[in-house]
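Q: Residue numbers for the sequence shown follow my numbering, beginning at -1 and rising by one.
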Amino acid sequence: MSEPAPRRMSFEEFLTWGDGTDTRHMLIDGVVVAMAPPSQAHSRIAGNAGYEIRRHLQPPCAVLSEAGLRLAAATCVQADVAVTCEPADTGRLISAPVLIVEVLSPSTVKDDLGVKVPGYQELPSLREIWAIDSEQRSVRVWRRIEEGWLQTLPIRAGGFRSDVLATEIALDDLYATTGI
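(1) Mind reading off the beta-carbon distance from residue 180 to residue 162? Whole number of angstroms is fine, and I expect it under 8 angstroms.
(2) Who are the near neighbours of residue 147 in its chain, counting only those whose CB is closer than 6 angstroms to its CB and skipping five residues on each side?
(3) Using alpha carbons as the reference points, say which of 170, 86, 91 lies closest to residue 69.
(4) Can you give me the Cβ contacts of residue 78 inside the same chain, cut-off strictly under 6 angstroms, excluding the 5 residues immediately before and after it?
(5) Please tell me whether residue 151 and residue 159 are closer than 9 angstroms, where the distance is taken between their beta carbons.
(6) Among the candidates 175, 89, 153, 177, whose CA atom is the shortest distance from the CA of residue 166?
(7) Taking its Cβ as the centre, do 16 or more other Cβ atoms sit within 10 Å of residue 127, making it buried, or is it exposed?
(8) Excluding the five sequence neighbours on either side, which residues of its own chain have a C-beta within less than 6 angstroms of the C-beta of residue -1, listed in chain order?
(9) Could you say which of 84, 28, 41 lies nearest to residue 55 if we only look at CA atoms?
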């Protein structure tokens, strides 16, 4: 027996919708997608990244976890960590991120790299994206340059330079307390 087609939802409906549970969701091209709770390694890496970023920010910039972003008319996602330099407000979404961090897990890597990163690259304010693997030491960095986006090869040791933060980021700091 075939499954019924998923009900498509508008962006506005999605923002007011709730399924009555604590499950996190994202809207991909009008389809609601449930997100499993993250692993401990995923959560620790996201927390470590937020901490390292916060150490190097100057006001009015702020680091946000599980930051809501609208990527298209019917696509709304949550970045694991995002930086914005816009004034704080009471809205659910950030409009002008300058740095986004995604922690890659086996269950999310397809959407993270196939949907989110290309969508993030369309945001005019965004200058840098970090994709941090949650199972092995590996970070990919995208930087906006005049000609478009420059992606690094996977970084597996040492660290990398963040142009947004104007500092070096050590993989040891991102993976602290994870056992990875």
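In this text, a Cβ means the ideal position worked out from N, Cα and C, and glycines have one as well.
A: In terms of the structure at hand:
(1) An answer regarding residue 180 cannot be provided, because it is not within the stretch -1 to 178 covered by the chain.
(2) 119, 140
(3) 91
(4) 44, 99, 100, 101
(5) no
(6) 153
(7) buried
(8) At residue -1, the pLDDT of 47 sits below 50, so the modelled position is not reliable; the number obtained from the coordinates is stated separately. The answer is none, since no qualifying residue turns up.
(9) 84
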